[in-house]
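**Student:** Going by my numbering, the sequence shown opens with residue 245, and the numbers climb by one from there. Submitted below is the structure of interest, expressed as structure tokens.
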Amino acid sequence: MRKHIQIAIDGPSGAGKSTMAKIVAKKLGIMYLDTGAMYRAVALKAIKSGIDTKDGDALAEMVKDIDLRIVYENGAQKVLLDGEDVTEEIRTPAVTVGSSDVAVNPAVREKMVELQQKIAKENSVVMDGRDIGTHVLPNADVKIFLTASIEERAKRRYEELREKGMLKQTFEELKKEMEYRDINDSTRSHSPLKKADDAILLDTTGFSLEEAAKVVLDIIKSRL
């Protein structure tokens, strides 16, 4: 394998990007960077600071000197915001919606992309998000656009939250939240959710995690 590689996995909310990226990173022995967690941290800071997650000017000012770091402890990624571990706190429903709001802000995206590109320059990485292949890592060695039907994605997220004991919504509420994020992410003016021209589209509707992972790893191996 090459000494330095970049793998981009994009797709809509609930497509299984993070789970897949973690599997790939572990299999290849390289870093996994959850870019979505970074936007969640920005949303959390806004909420704690009493800033509306749709207030563009206030958000732009807030992220200028944001103290946001991604660290690894015992193989697990932790998100540190202002020196505090917020890895679990960024997964609440309010932060989930807020993260989609802050992600449409050009100043926020510019700051996050700056941090993401710095990490990718210094390490071999697997990154997942919505604009990794089109904007963050346009020259990535492998680009995959992972998707599934809205029903399947909502079902997966519902089961995931239920198993973690973090379920605070009904299935329909979760599905509506996901539809909101799909529209928000796809129609934003700055770096919208979009399949890169050279990305491989993989619809995993009906796939088990093991089946999807095998396909993704086969694609990566063939490209590398």
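Cβ coordinates follow ideal geometry from the N, Cα and C atoms, glycine included.
Residue 376 and residue 469 - do their beta-carbons sit closer together than 7 angstroms?
**Tutor:** This structure leaves residue 469 out entirely; the chain is present only between 245 and 468.
**Student:** Per DSSP, what kind of secondary structure is residue 361 in: helix, strand or coil?
**Tutor:** Stepping through the sequence shown from its first residue, residue 361 is reached at position 117. If DSSP states are grouped into helix, strand and coil, residue 361 belongs with the helices.
**Student:** Expressed to the nearest angstrom, what Euclidean distance is found between the alpha-carbon atoms of residue 255 and residue 405?
**Tutor:** To locate residue 255, count along the sequence shown from 1; it is residue 11. To locate residue 405, count along the sequence shown from 1; it is residue 161. Taking the straight line from one Cα to the other gives about 19 angstroms.
**Student:** Please go through the stretch 283 to 310 and give each complete beta strand (DSSP E) segment of 3 or more residues, from N-terminal end onward.
**Tutor:** none
**Student:** Could you check how far apart the C-beta atoms of residue 286 and residue 310 are, in whole angstroms? I think they sit under 8 angstroms.
**Tutor:** On the sequence shown, position 42 is the one that residue 286 refers to. On the sequence shown, position 66 is the one that residue 310 refers to. About 7 angstroms; that satisfies the 8 angstroms criterion.
**Student:** Quick one: which unbroken beta strand (DSSP E) runs of 3-plus residues sit fully inside the stretch 361 to 404? Chain order, please.
**Tutor:** 369 to 373, 386 to 391
**Student:** Does DSSP classify residue 277 as helix, strand or coil?
**Tutor:** On the sequence shown, residue 277 is found 33 positions in, with the first residue counted as 1. Here residue 277 carries a strand assignment [DSSP, helix/strand/coil].
**Student:** Straight-line CA distance for residue 400 to residue 306?
**Tutor:** Mapped onto the sequence shown, residue 400 falls at position 156. Mapped onto the sequence shown, residue 306 falls at position 62. So the alpha carbons of these two residues sit roughly 34 angstroms apart.
**Student:** Whole beta strand (DSSP E) runs in the stretch 409 to 450 with 3 or more residues, listed along the chain?
**Tutor:** You should have 444 to 447.
**Student:** Roughly how many whole angstroms lie between the Cα atoms of residue 391 and residue 413?
**Tutor:** The residue you call residue 391 lines up with position 147 of the sequence shown. The residue you call residue 413 lines up with position 169 of the sequence shown. Distance between the alpha carbons of residue 391 and residue 413 is about 23 angstroms.
**Student:** Among the residues of its own chain, which have a CB less than 7 angstroms from the CB of residue 381, if the five just before and after it don't count?
**Tutor:** Here residue 381 is taken as the residue at index 137 of the sequence shown, counted from 1. Around residue 381: 250, 252, 364, 371.
**Student:** Please classify residue 343 as buried or exposed, where buried requires at least 16 other C-beta atoms within 10 Å of its C-beta.
**Tutor:** The count along the sequence shown starts at 1 and reaches residue 343 at position 99. Classification of residue 343: buried, given that the 10 Å Cβ count is 16 or more.
**Student:** At which residues does the beta strand (DSSP E) containing residue 322 begin and terminate?
**Tutor:** For the purposes of this step, residue 322 is taken as the residue at position 78 of the sequence shown. 320 to 325 is the extent of the beta strand (DSSP E) around residue 322.
**Student:** In three-state terms, what does DSSP make of residue 249?
**Tutor:** If you number the sequence shown from 1, residue 249 lands on position 5. Here residue 249 sits in coil by DSSP.
**Student:** Per DSSP, which residues does residue 317 bridge with? Please list them.
**Tutor:** Against the sequence shown, residue 317 aligns to sequence position 73. Note: residue 317 sits in a beta bridge opposite 320.
**Student:** Report the option in 453, 446, 454 whose CA atom is closest to the CA atom of residue 463.
**Tutor:** Here residue 463 is taken as the residue at index 219 of the sequence shown, counted from 1. Checking every option, the nearest Cα to that of residue 463 belongs to 446.
**Student:** Terminal residues of the continuous alpha helix (DSSP H) containing residue 331?
**Tutor:** As a working mapping, residue 331 is identified with position 87 in the sequence shown. Segment: none, residue 331 is in no alpha helix (DSSP H) and carries neither H nor E.
**Student:** Go ahead and pull the three-state DSSP assignment for residue 312.
**Tutor:** As a working note, residue 312 is residue 68 in the sequence shown. Strand.
**Student:** Does the stretch 341 to 355 come into contact with the stretch 276 to 292, if we say contact requires no fewer than three beta-carbon pairs (one atom in each stretch) closer than 8 angstroms?
**Tutor:** With the cut-off at 8 angstroms, the stretch 341 to 355 and the stretch 276 to 292 touch.
**Student:** Please tell me whether residue 460 and residue 264 are closer than 7 angstroms, where the distance is taken between their beta carbons.
**Tutor:** Along the sequence shown, one-based indexing puts residue 460 at 216. Along the sequence shown, one-based indexing puts residue 264 at 20. In terms of Cβ geometry, residue 460 and residue 264 form a close pair [threshold 7 angstroms].
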